[in-house]
Amino acid sequence: MRNQLFMTRYYSSVTKPVLTPLALAIALAPAPGWAENYFNPAFLSDDPSAVADLSTFSRNAQAAGMYRVDVYLNNTFLATRDIAFQAVKTTGKSAPTDDSGLRA
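Mapped onto mature numbering (1 follows the signal peptide of the UniProt record, and there is no 0), the consecutive letters of the sequence shown carry residue numbers -35 to -1, 1 to 69.
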């Protein structure tokens, strides 16, 4: 009985934790963050030395080569052509090298 009386007094004096609106807003506010995506090329092959260099794609660049592209001018479709893309040394990206006489 005496123990029960002590417990009632003790627990009645303890306040429950209450979140103030400011604390709730801080806790739920999203923190801004910045991260870059990285794809591990070892996932493509069992032999890491056989995997191609994927750094070009991590810079949002297209690899150099011949690509079939749709050519538009002022939102009007002109043609579908095979256009060669060559790497530009200053930017590390590829640019079209079209010698077909098509000019914008």
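From the three backbone atoms N, C-alpha and C, an ideal C-beta is built for every residue, glycine too.
What would DSSP say about residue i, mapped onto helix, strand or coil?
i, result
"leucine 38", "strand"
"lysine 54", "coil"
Does the beta-carbon distance from residue i to residue j come in below 9 Å?
i, j, result
"glutamine 51", "threonine 41", "no"
"alanine 28", "phenylalanine 22", "yes"
"arginine 24", "valine 36", "no"
"valine 53", "alanine 60", "yes"
Within the same chain, show all residues whose beta-carbon is closer than 8 Å to that of residue i, passing over the 5 residues directly before and after it, in chain order.
i, result
"glutamate 1", "Ser23"
"glycine 57", "Thr21, Arg24 and Ala26"
"leucine -17", "Ala(-9)"
What does a CB cutoff of less than 7 Å around residue i pick up in its chain, not counting 5 residues either side in sequence?
i, result
"glycine 30", "Phe50"
"threonine 55", "none"
Compute every distance between the C-beta of residue i and the non-hydrogen atoms of the ligand NAP, then say whether any falls below 8 Å.
i, result
"glycine 57", "This structure lacks the ligand NAP, and indeed carries no ligand of any kind."
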